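Quick note, the sequences are listed as chains G and W, same order.
Position 1 of the first sequence, counting from 1, maps to -13 under the numbering used here, and the rest follow consecutively.
All you need for the numbering used here is the position in the second sequence, starting with 1, plus 1.
Ideal Cβ positions, reconstructed from N, Cα and C, are used throughout, including at glycine.
For clarity, every value in this text was computed on a predicted model and none was experimentally measured.
First up is the structure itself, then whatever we jot down about it.
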Amino acid sequence: VTSSEAFVSAAFLFFLAVVSAYIVIHGLKLARLARDVARLEEEEQR
Amino acid sequence: MIRAAVVPPLSAWKRGTAAAAAAGALLVVAFALTFFWLPNEADQGFSQRIFYLHVPLALTTYACFGWGGWKGFRMLATGRGRYDLESCVGVHLGTIFASLTLVTGSLWARISWGIWWSWNENQLVLFLVVFLYYSAYFMLRSSVPGGPQRARISAVYAVFGVVLIPVSFLAIRLRANFIHPVVFASHGPQMAPSMLSVFCLSFGGMLALASALYAQELAGKRLDRRLRNLQGART
């Protein structure tokens, strides 16, 4: 592998890593918030 | 008076699913074509492949900041709280895409110029200025208590930043002695049709990705606001 190929691959992998991390972090946050909102709404209805 | 958001919290998330599917398909195809179909560029060789990642990222950054500014303008014009959230999410995504642009550009500069950064390049420095300007947006937001005042100040800041976008974009076209390549000149794109088509695929995928991430983050912010309202009502 040449240094050029290594740098180009690193750029694409870095992009994929950042986007994946963003999706996972926000996905987990979204799931937690949806759960909490559903719980509070259920308690409010009782 | 800031009016509350009335959009259901999960509707943005559902709308984003289509954008996510489009982004996945377009980017997979574009990246596969970049590595396995396109020939090496005559001048730069293999390293030119970063172009299909770096330039779409930079253009998407401008689009996100522009979107944040537009939503800020809508917030000032209508006073609706939903536009404050949308402006904030647009700017946040813009800073993420800008960070990726700076990192991928720096990697490309190391291969092509032998240096990680050049302070003599208007394009690089002005892009960094845009990035730092919008990074300061979050410092501003966190320094003002939540409410109508914060929404208005944030909106004004986001709108003013839009002025920097054309300056940054035109920087390399306004100066004669530059080393940063200019692919999109006034007389059209300077690349083969195959390269242009892969670039368009990648750019379309990047815009779809930004839309999907925007929908995801916005859904989270709206749920967070709703949760706070529910918690506030209980106490």
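Looking at the structure shown, is Ala5 of chain W part of a helix, part of a strand, or coil, going by DSSP?
Below a pLDDT of 50, predicted positions are generally treated as unreliable, and Ala5 of chain W, at 49, falls in that range; the measurement from the model is reported next regardless. In the structure shown, Ala5 of chain W adopts coil according to DSSP, grouped into three states.
Pull up the distance between the alpha-carbon of Ala20 of chain G and that of Val56 of chain W, whole angstroms please.
36 Å
So for Pro146 of chain W, helix, strand or coil by DSSP?
coil
Using a C-beta cutoff of 8 Å, does Ala220 of chain W count as contacting chain G?
yes
Does chain G have any CB closer than 8 Å to the CB of Gln124 of chain W?
no
How about Glu(-9) of chain G: is its C-beta nearer than 8 Å to some C-beta of chain W?
Taking Cβ atoms only, chain W reaches closer than 8 Å to Glu(-9) of chain G, which makes this a yes.
Would Leu19 of chain G count as contacting chain W if we go by Cβ distances under 8 Å?
yes
May I have the straight-line CA-CA distance separating Glu29 of chain G from Arg16 of chain W, to the nearest angstrom?
29 Å
Which of helix, strand or coil does DSSP assign to Pro40 of chain W?
coil
Is the shortest distance between the beta-carbon of Ala3 of chain G and the beta-carbons of chain W less than 8 Å?
no
Identify which residue in W:Met196, W:Leu125 and W:Ser195 has its Cα closest to the Cα of Ile166 of chain W.
Among W:Met196, W:Leu125 and W:Ser195, the Cα nearest to that of Ile166 of chain W is on W:Leu125.
With DSSP run on the structure shown, which of helix, strand or coil describes Gly73 of chain W?
helix
So, Gly205 of chain W versus Leu27 of chain W, is the Cβ gap smaller than 8 Å?
yes
Go ahead and pull the three-state DSSP assignment for Arg32 of chain G.
In the displayed model, Arg32 of chain G falls within coil according to three-state DSSP, outside both helix and strand.
Decide if Gln49 of chain W is buried, meaning its Cβ has at least 16 other Cβ atoms within 10 Å, or exposed.
buried
Going by DSSP in three states, Gly46 of chain W sits in which element: helix, strand or coil?
Strand, per DSSP.
Considering only heavy atoms of the ligand GDP, does any lie closer than 7 Å to the CB of Ala(-3) of chain G?
In terms of ligand content, the structure shown is empty, and the ligand GDP therefore cannot be addressed.
Inter-residue Cα distance where the pair is Leu214 of chain W and Ser143 of chain W:
Between Leu214 of chain W and Ser143 of chain W, the C-alpha separation is close to 22 Å.
Using 8 Å as the limit for Cβ to Cβ distance, is Glu30 of chain G near chain W?
yes
Spatial neighbours of Thr61 of chain W within its chain, please: CB distance less than 7 Å, with the 5 preceding and 5 following residues excluded, ordered by chain position.
Phe98, Met207, Leu208 and Ala211
Nearest-angstrom Cβ-Cβ length linking Tyr135 of chain W and Thr96 of chain W, presumed shorter than 8 Å
5 Å
Assuming Gly147 of chain W contacts Phe66 of chain W (C-beta within less than 8 Å), just tell me the rounded distance between them.
No, Gly147 of chain W and Phe66 of chain W are not in contact; Cβ-Cβ is about 22 Å, not under 8 Å.
Taking 8 Å as the threshold (C-beta atoms), are Gly70 of chain W and Ala159 of chain W in contact?
yes
In chain G, which residues lie less than 8 Å from Tyr104 of chain W when you measure between Cβ atoms?
Reading the sequence as shown, one finds Val at residue 104 of chain W and not Tyr. Result: Ala(-3) and Phe0.
Anything in chain W within Cβ reach of Val(-13) of chain G, meaning under 8 Å, just list it in chain order.
Per Cβ cutoff of 8 Å: no residues; Val(-13) of chain G is ~10 Å from chain W at best.
Spatial neighbours of Glu42 of chain W in its chain, beta-carbon cut-off 6 Å, leaving aside the 5 residues before and after:
Around Glu42 of chain W: Gln49.
What residues in its chain sit with their C-beta under 7 Å from that of Leu219 of chain W, if we drop five residues either side in the sequence?
Ala13, Leu86, Glu87 and Val90
At least one CB of chain W closer than 8 Å to the CB of Val(-6) of chain G: is that the case?
With a threshold of 8 Å between beta carbons, Val(-6) of chain G makes contact with chain W.
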